[in-house]
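Note that the protein sequences, when read in sequence, are chains B and S.
This note's numbering puts the first residue of the first sequence at 10, with every later residue one more than the last.
This note's numbering puts the first residue of the second sequence at 10, with every later residue one more than the last.
Glycine residues also receive a C-beta, built at the ideal position from the N, C-alpha and C atoms.
This structure is a prediction, so every number in the text was calculated from the model and none was measured.
There are 2 protein chains.
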Amino acid sequence: MARTAGSHSDITGPRVAQAALQLFARHGYAAVSMRQIAAEVGVQAGALYNYTPDKQSLLFDLMRGHMDELLAARANAATPRDPMARLEDFTRFHIRFHLERPDAVFVSYMELRNLTAGNFATIEGLRRAYEDELEGILREGVQAGLFAVADTKITTLAVIAMLTGVTTWYRAGGRLSVAQVETIYWDMVRKAVSA
Amino acid sequence: MARTAGSHSDITGPRVAQAALQLFARHGYAAVSMRQIAAEVGVQAGALYNYTPDKQSLLFDLMRGHMDELLAARANAATPRDPMARLEDFTRFHIRFHLERPDAVFVSYMELRNLTAGNFATIEGLRRAYEDELEGILREGVQAGLFAVADTKITTLAVIAMLTGVTTWYRAGGRLSVAQVETIYWDMVRKAVSA
DNA sequence: GTCTATATTTCGATAGAC
DNA sequence: GTCTATCGAAATATAGAC
């Protein structure tokens with residue numbers, strides 16, 4: 010079948026998502042108009058509605074896609090038995106994964122309050138599932154006498170906050186490689202939780 | 010002099026700022042309309058312009074006020090000689106100050122990209138000045154052989170990210186007092202940077 | 001699938017009466 | 001100082017031609 014002139018559904022769709030992600034990260038969801046997204050893609054505003062029912066779905070699909078990717082990547086990662094080795098693996102994974110997609114990380118963190126109630130609950134559930142692995146590692150390490158933390162839940166949130174903070178200053182091509190950054194943060198995490 | 014009926018400039022002004030802070034924190038600057046702010050205060054939209062030239066100034070004044078308050082409070086704090094004692098003081102101060110004004114903290118962190126270029130530069134300068142004290146403490150501690158950190162700048166940002174993260178989960182009236190939270194975080198900071 | 005055109009709403013900000 | 005009324009611009013989303 011010959012293609013209708015101007016038909017690009019299979020490539021325009023991803024381009025819409027990509028443009029939305031970039032603009033949401035830069036200016037914020039509420040500050041970005043559908044017309045801006047359309048202009049970035051190179052179509053008129055009306056054409057966007059072939060790819061998303063509305064602006065809210067555009068945001069939600071980006072965030073759910075990011076969280077799904079995070080959990081899938083983590084599920085495929087190596088899981089050493091030793092809590093110390095598992096914690097190092099988690100730490101390095103978290104930094105690497107987040108530095109590889111700064112826009113998605115930024116949007117997923119900053120735009121939570123622009124989700125509808127139902128969409129928010131879904132994203133929160135996925136985030137909780139991710140955090141639960143880290144808390145499990147900490148609990149095992151405490152039980153094994155390797156770690157000394159006052160409260161595994163608080164420590165989980167503190168470690169994730171510290172690690173995710175790397176996205177606020179790291180820029181590719183700077184003086185440190187990702188591997189070097191991983192090592193610096195792993196050093197801090199290891200010392201902070203060790204017995 | 011008798012007051013003109015409906016004249017409340019001395020109390021309405023702060024109420025406008027308060028309402029804007031609350032709404033910006035909850036929904037985001039771009040998502041909040043001047044009419045919403047006016048409704049929260051109990052006046053019509055036009056009356057807001059007796060207290061601010063425009064919406065941008067409303068945001069900027071809130072953020073500059075918060076940063077000024079932060080730096081002023083820190084300038085009045087005790088500054089022990091010993092780097093370890095200074096670091097503990099800084100840590101406890103940071104947590105206490107931030108937990109006491111969650112809305113201002115949230116807005117000052119999340120709405121940076123909604124500032125005009127000039128306003129952004131001003132706020133960034135104030136934030137940098139605050140971070141510089143922590144980096145100075147770390148440098149002194151390293152020189153004294155008390156601390157072992159790979160990079161004082163990165164450690165500064167990592168520690169602040171971890172500490173500020175407390176605002177994402179702490180709620181007044183929970184199972185932990187602020188003092189207990191301070192102690193838990195100080196334990197992690199101390200271990201993370203110690204030699 | 002994309003376009004033009006538009007319905008409908010809402011926005012920031014201002015003018016002028018009181 | 002606050003109100004009502006409104007201007008001009010921009011927003012989301014839809015309808016229908018091609």
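Could you please give me the residues that DSSP links to residue i through a beta bridge?
| i | result |
| --- | --- |
| Ser203/B | Phe156/B |
Quick one: residues in its chain with C-beta nearer than 7 Å to the C-beta of residue i, no 5 flanking neighbours on either side, listed in chain order?
| i | result |
| --- | --- |
| Phe69/B | Leu124, Asn128 |
| Ala82/B | Phe106 |
| Thr164/S | Leu147, Val158, Val202 |
| Gln45/B | Leu32 |
| Ala138/S | Leu80 |
| Lys64/B | Met43 |
Leaving out five residues before and five after residue i in sequence, what residues of the same chain have Cβ atoms less than 8 Å from its Cβ?
| i | result |
| --- | --- |
| Met4/B | Beyond the ends of chain B as shown, which are 10 and 204, falls residue 4/B; an answer cannot be given. |
| Val151/S | Ala157, Val158, Thr161 |
| Val175/B | Ile104, His107, Leu108, Val190, Tyr194 |
| Thr173/B | His103, His107, Val114, Tyr118 |
Run through DSSP, which three-state label would residue i get?
| i | result |
| --- | --- |
| Val190/S | helix |
| Trp195/S | helix |
| Gln53/B | coil |
| Ser42/S | coil |
| Thr125/B | coil |
| Arg148/B | helix |
| His17/S | coil |
| Thr61/S | coil |
| Asp91/B | coil |
| Leu32/S | helix |
| Leu185/S | coil |
| Ala86/B | coil |
Give me the residue from the options with the minimum Cα distance to residue i.
| i | options | result |
| --- | --- | --- |
| Leu147/S | Glu97/S, Thr177/S, Leu108/S, Gln27/S | Glu97/S |
| Phe33/B | Leu166/S, Gln31/S, Thr21/S, Ala39/S | Ala39/S |
| Ala167/B | Glu191/B, Val202/B, Tyr118/B, Arg180/B | Val202/B |
| Glu109/B | Tyr179/B, Thr192/B, Arg90/B | Tyr179/B |
| Ile169/B | Thr61/B, Tyr58/B, Pro92/B, Leu143/B | Leu143/B |
| Thr21/S | Arg35/S, Ala47/S, Val41/S | Ala47/S |
| Asp19/B | Arg35/B, Tyr60/B, Gly55/B | Tyr60/B |
Report all residues from its chain with a CB closer than 6 Å to the CB of residue i; omit the five preceding and five following residues, and keep chain order.
| i | result |
| --- | --- |
| Val50/S | Arg24, Val25, Ala28 |
| Arg199/S | none |
Assuming residue i contacts residue j (C-beta within less than 8 Å), just tell me the rounded distance between them.
| i | j | result |
| --- | --- | --- |
| Leu135/S | Met76/S | 4 Å |
| Val117/S | Met43/S | Rather than Val, the amino acid found at residue 117/S in this sequence is Ser. No, Ser117/S and Met43/S are not in contact; Cβ-Cβ is about 21 Å, not under 8 Å. |
| Arg122/B | Gly37/S | 6 Å |
| Leu185/B | Asp112/B | About 21 Å; that fails the 8 Å criterion. |
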